[in-house]
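Below you'll find the structure, written out as C-alpha cells, and then a few comments.
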C-alpha cells in the first residue's frame with residue numbers, strides 16, 4: 001500500500017491538544033482479533049462550547065483520532081476519513097473520563113466502515129459515531 005506521511009507531532013492538530021485542561025488522557029488498545037480497539041479519554045475543563053458542557057466538535061475530533069488509530073490497528077495503515085457521523089445522546093461534562101469502543105462494521109474493497117461509542121465507567125452512552133475510511137491505493141507497478 002502507498003505510505004501516508006503524518007504531520008510531525010509538534011505540528012499535528014490533535015497532539016497539540018494533549019495538555020492539561022484539554023485532552024488530558026488519550027489511550028487506545030488493540031484487541032487480538034484485529035477488528036476492534038478500546039480507548040480511554042479524559043476531557044479537561046478547557047474543552048467546553050456551552051458553559052459546563054464539552055464541545056461537540058471536541059467529541060467528533062476525538063472519534064476521528066481514535067478511528068484513525070483503529071484503522072492502523074485493523075488494516076496496518078492509516079487511510080483517509082471520507083465520512084464521520086456523530087450522534088450526541090446526552091451532554092458530556094468537562095473533567096470527565098470516557099471509554100471508547102470501536103470496531104470494523106464492514107469492508108468493501110478500499111472502503112472500511114467503523115462504528116464507535118463513547119460511554120462512562122457505568123456504561124451510560126454519551127455519543128456514538130459511524131465512519132467511512134478509505135485505504136490508500138496500492139502503488140502501481
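Numbering (UniProt numbering), first residue to last: 1 to 141. We treat Cβ as the ideally placed atom computed from N, Cα and C, and that holds for glycine.
Next item on the list: Could you tell me the boundaries of the alpha helix (DSSP H) in which residue 39 lies?
Entry: The residue labelled residue 39 in the question sits at position 39 within the chain shown. First-last for residue 39: 36 to 43, but that is the beta strand (DSSP E), not the alpha helix (DSSP H).
Item checked: CA nearest to the CA of residue 46, picked from 40, 39, 55, 38 -> Here residue 46 corresponds to residue number 46 of the chain shown, with the count starting at 1. Considering only alpha carbons, the answer is 55.
Next item on the list: Could you tell me the boundaries of the alpha helix (DSSP H) in which residue 64 lies?
Entry: Position 64 of the chain shown, counted from the start, is the residue given in the question as residue 64. Residue 64 -> alpha helix (DSSP H) spans 56 to 75.
Check: Near residue 111, what residues of its chain come up, given a Cβ to Cβ distance below 7 Å and the 5 sequence neighbours on each side ignored?
Finding: Locating residue 111 in the chain shown gives position 111, counting from the first residue. Result list for residue 111: 132, 134, in chain order.
Checklist line | Three-state secondary structure assigned by DSSP to residue 27 | finding: Along the chain shown, one-based indexing puts residue 27 at 27. Residue 27: strand per DSSP, three-state reduction.
Item checked: CA-to-CA distance, residue 138 to residue 64, given in whole angstroms -> Numbered from its first residue, the chain shown carries residue 64 at position 64. Numbered from its first residue, the chain shown carries residue 138 at position 138. Answer to the nearest angstrom: the Cα atoms are 23 Å apart.
Next item on the list: Less than 8 Å between the CB atoms is what I'm expecting for residue 84 and residue 43, so what's the real figure, rounded?
Entry: Numbered from 1 along the chain shown, position 84 holds the residue referred to as residue 84. Numbered from 1 along the chain shown, position 43 holds the residue referred to as residue 43. Wrong, their Cβ atoms sit about 18 Å apart, outside the cutoff.
Item checked: Counted within 10 angstroms of its Cβ, other Cβ atoms place residue 13 as buried (16 or more) or exposed -> By one-based count along the chain shown, residue 13 stands at place 13. Residue placement at residue 13 cannot be trusted, given a pLDDT of 46 that sits under 50; the coordinates are not used to answer.
Notebook entry, point to check: residue 89 and residue 114: beta carbons closer than 8 Å?
Noted result: Translated into the one-based positions of the chain shown, residue 89 becomes position 89. Translated into the one-based positions of the chain shown, residue 114 becomes position 114. Cβ atoms of residue 89 and residue 114: not closer than 8 Å.
Check: So, is residue 26 buried or exposed, given that buried needs 16 or more other C-beta atoms within 10 angstroms?
Finding: In the chain shown, residue 26 corresponds to position 26, counting from 1. Residue 26 counts as buried, since no fewer than 16 other beta carbons sit within 10 angstroms of its beta carbon.
Notebook entry, point to check: If residue 37 sits next to residue 28, beta carbons under 8 Å apart, how far is it from one beta carbon to the other, in whole angstroms?
Noted result: Position 37 of the chain shown, counted from the start, is the residue given in the question as residue 37. Position 28 of the chain shown, counted from the start, is the residue given in the question as residue 28. Going by Cβ atoms, the distance from residue 37 to residue 28 rounds to 5 Å, so yes, they are a contact pair.
Checklist line | Residue interval of the beta strand (DSSP E) (run including residue 87) | finding: Walking along the chain shown from the start, residue 87 turns up at place 87. Looking at the DSSP string, the run of the beta strand (DSSP E) that includes residue 87 is 80 to 88.
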